[in-house]
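Report on the structure given below.
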Amino acid sequence: MKHFVTADEIRQLAASGERELMLREHTVLTDAAVDAVRLHGIRLVEGSTYSTAEPPPQVVPAPAGAGGLPAPALAGLVRERSSTGVTPSPQVRRAEGSGTVPVTGPPDSGRLLTRLLIGGEWVEAAGGATVPTVDPATNRTIAEVSAAQAEDVDKAVRAARAAFPAWRDLDPEKRARLMLRLAELIESERDYLAQVESHDVGKPIREAALVDLPACWDPWRFFAGAVRTVAGRVLALPRTSLDYVRREPTGVVGMIIPWNFPLHIACRKGSAALAAGNTVVLKAPELAPLTSLELGRLALEAGIPPGVFNVVPGLGEVAGAALVEHPDVNKIAFTGSTTTGRAVMRGGAGTIKRVSLELGGKSPSVVFADADLDRAVIGSVFGIYLAQGEVCSAGSRVLVERPVHDEFVARFAERARRIRVGLPHRWETQLGALINRRQCERVYEYVDIGTSEGATVVTGGSRPEDPALAEGNFIQPTVFAGVRNDMRIAQEEIFGPIVVIIPFDGEEEAIRLANDVRYGLAAGIWTADGARAHRVAHALDAGSIWVNHYGVYPSEAPFGGYKESGTGHDLGLESLDEYTEVKNVHVNIGTETFDWYA
Ligand code: NAD
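Structural data, given as C-alpha cells:
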C-alpha cells in the first residue's frame with residue numbers, strides 16, 4: 043500500500059521545527075508536497091521511521107459578502123457570526139436571542155506576542171531593547187515590545203532576501219492558495235484580533251470587529267485572485283520582432299505603517315506585495331505594534347514560508363530609518379504623516395528606492411442644498427468620528443451650501459452630542475480614546491487655536507465627565523462653526539474628533555474651497571443632481587471621491603492621494619504596479635542580420 047504525504051503534512055512538519063523527512067519504501071509525495079518540501083527547505087532522507095503528522099486544522103469557511111470597510115449604514119449593527127467551528131473565547135458574549143455575538147473586553151494579555159519575527163523565528167531585539175505599548179484608555183503599559191535596532195532590520199532584510207527567489211518562482215496558483223488560507227485564519231481569529239486592535243489603538247471594539255477586521259481579511263482574498271491576473275503585453279512592432287513587456291516582482295519590500303489602522307494597513311499592503319511575488323519586512327508602529335505581530339504569526343500558520351513576511355516593531359527614527367536606507371531593500375511602501383513621508387523620500391534617495399507614500403489629509407465633504415440632508419448629516423458624522431477622527435481620509439472639513447447651512451449645523455451637532463464616548467473594550471462605546479497623551483493634548487490645542495481664530499465651538503471641545511475615563515485620552519466629539527477656509531483649523535490635519543463646518547455659495551465656490559488646501563486624499567459630495575455629482579467629482583483634486591456616502595474602501599478600488607497626500611496607491615489592481623518592475627524583452631525573429639558596419 044502506498045502512503046501519500048500531502049503539502050499540509052509537510053507544512054505541519056516544518057511548523058513543528060523538523061527539517062528532515064524520513065521516507066519509507068512506499069512513501070509517495072504529492073506534487074504540492076514536493077513544492078512544500080522545496081519551500082520549507084525540508085531534506086528528504088531514506089529511512090523507515092517517518093510517521094505522519096496530526097491532520098492539519100480544519101480550514102474555516104468564509105461567510106458570504108465580506109467586503110472592504112462597510113458603508114456608514116452599518117452603524118448599530120452587530121456582526122452575524124458564521125459557523126466557523128471555532129470555540130468562542132470566554133470574553134465573547136452571546137447576545138440573548140439575537141444569534142449574534144458581539145465581542146467585548148480586553149484580550150488575554152498572556153497571549154500577546156512581543157518579539158520580532160525574523161526568518162520565521164521569534165527573537166529579541168539586539169541588546170534586549172524594548173518600547174512599551176500603552177493602553178490609550180488608561181495610559182497604562184500593555185506590554186514591553188522588542189524594539190528593532192539597525193542590526194535587527196539588517197537580519198530581517200537578509201531573511202527576506204533569502205526567501206525571495208523561492209517565493210517569486212512559486213506557481214501563482216500556490217501563492218494564491220497560501221494567501222487564501224491566511225485570509226481564512228484572520229477571519230477565524232477575528233474576535234481576538236479585534237480585541238487586540240481595540241486595546242492597543244484605543245478604538246471602540248465594535249469598530250475593530252465590524253469595520254477593521256473585514257477590511258483585513260478581504261484584501262488577501264482579492265489579491266489572491268489578482269495573483270493570477272498579473273500579466274504583461276506583446277507590442278505591435280514589425281513582424282521581424284517579438285517584443286513583450288513583463289511585470290516582475292520588485293524584490294524585498296520594506297513596509298512602514300501608522301498606528302491608526304495597523305492591521306488593516308499591514309494587510310492591504312502586504313497582500314499586494316506578496317501577490318506580486320515580493321518578500322516583506324514590516325516595520326510595525328511603535329504606538330500599536332501588537333496586531334502586526336499577530337499577522338506575522340498567522341502568515342506562518344498559513345504556510346507562508348519563513349522569511350517571506352518578517353515583522354520588526356521599533357522606533358521610526360531607528361528601525362524605520364534603517365529600513366529606508368538599507369541598500370538591499372528595493373522598495374518602501376509607507377503610510378504615515380506628510381512630515382515623515384518627506385523624511386522617507388529623502389532617506390530613500392541615497393539608494394534610489396522605489397517609494398510609495400500614503401500620507402495625511404484634510405478632506406472636504408461638500409453638501410449641496412439639494413442633497414438629502416438626513417443622509418448628508420449621517421454620512422458626514424460617520425466621515426469624521428470613525429476611529430476618533432484619527433483617519434487619514436476623515437471628512438474633517440464639511441462645506442455646506444448656505445441655504446441649508448444653519449439647519450445642517452444644528453442637526454450635525456445634535457447627532458455628535460449623542461455619540462457614546464467610552465472605554466474601547468465595551469461594545470456600546472462609539473468613540474474611544476486618542477492614541478496617546480501627546481496626541482490628545484495636540485487635539486485640545488486645536489480647540490484653543492480654533493477659538494482664538496474666531497470660530498465657535500457648537501458642541502464638544504472638552505473632556506467627557508464619566509470618571510471611568512479620567513485616566514485616558516478622551517475628548518468629546520467636537521463641532522466648529524463660523525469657520526473660514528483660511529483658518530488653521532480648516533487647513534491643518536488635526537487627527538482627532540474635530541470637524542469644521544464652512545458655508546459656501548454655489549458650485550464654483552464649493553470647488554474652489556474644497557481644493558484650497560495642500561492635501562488631496564479624499565472628498566465627499568452630497569447632491570440629488572447626478573450631472574453635478576460627476577462634474578464636481580471631476581473638478582476635485584483628490585484620489586477618492588464618494589458621492590452620497592463617505593468613507594468606503596473596497597479592496598477593488600485604488601486608494602491614494604493627490605498633492606501632499608502622497609504618491610502611489612494601496613488596494614485595487616493599480617497597487618500591483620507599485621510592487622512590480624517593468625521589463626521589456628525584444629527578440630529578433632527575422633531571418634536577416636542587420637550589419638551596420640558592412
Ligand atoms: P508617523 O508619520 O508619525 O509614523 C508613521 C510610521 O513611520 C511609524 O511606523 C513610524 O515609526 C515611522 N517613522 C517615523 N519616523 C520615521 C523615519 N524618520 N523614517 C522611517 N520611518 C519613520 O504617522 P502616525 O502618527 O503613525 O500616523 C498618523 C499619520 O498617518 C496621519 O498624518 C495620517 O493622515 C497618516 N495616515 C495616512 C493614511 C493614508 O492611507 N493616506 C492612512 C493612515 C494614516
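For the sequence shown, this note's numbering assigns the number 640 to the last residue and increments by one with no breaks.
Virtual Cβ for every residue (Gly too), placed ideally from N, Cα, C.
Exposed or buried, what is residue i when buried is set at 16 or more other beta-carbons lying within 10 Å of its beta-carbon?
i	result
S334	buried
V276	exposed
K395	buried
T94	Annotation note: pLDDT 34 at T94 (below 50); position unreliable, coordinate value reported separately. Flag for T94 reads exposed.
G390	buried
R263	buried
K311	buried
K404	buried
S188	buried
H447	buried
P355	buried
R53	buried
V521	buried
V629	exposed
K656	Past the boundaries of the shown model lies residue 656; the chain is included only from 43 to 640, so the question cannot be answered.
A573	exposed
I517	buried
Secondary structure at residue i, three-state DSSP: helix, strand or coil?
i	result
N478	coil
D528	coil
G169	helix
R439	strand
F601	strand
S607	coil
A375	strand
I517	coil
H306	helix
P509	helix
K625	strand
W638	coil
V397	strand
V47	strand
L337	helix
R203	helix
A314	helix
D612	strand
I567	strand
Please confirm whether any heavy atom of ligand 1 lies closer than 7 angstroms to the CB of residue i.
i	result
W259	no
N302	yes
I298	yes
V500	no
L357	yes
T609	no
L422	A small correction: the amino acid at residue 422 is Ser; Leu does not occupy that position in the sequence shown. The answer is no for S422.
A57	no
A385	yes
V87	no
I307	yes
F206	no
T382	yes
F537	yes
A314	no
C18	Absent from the structure is residue 18, since the part of the chain shown begins at 43 and ends at 640.
K216	no
Does any residue of chain C bring its CB to less than 8 angstroms from the CB of residue i?
i	result
R460	Of the protein chains in this structure there is only one, and it is not chain C.
Could you check which residue in the options has the C-alpha nearest to that of residue i?
i	options	result
L340	E231, R182, W588	E231
N352	Q430, E616, N320	N320
H241	P149, A225, T156	P149
A552	V408, E432, I587, E166	V408
T382	V371, S398, N372	S398
K197	H591, A168, M529	A168
G152	E470, V627, L332	L332
W259	T633, V485, E229	E229
G161	R203, A185, V145	R203
V272	G244, A317, L255	A317
V253	P144, E336, A584, E620	P144
H82	V199, R157, W209	W209
R288	L63, T633, D619	D619
V360	S379, P327, P347, V624	P327
T146	A251, T72, A179	A251
A523	G496, I299, L55	G496
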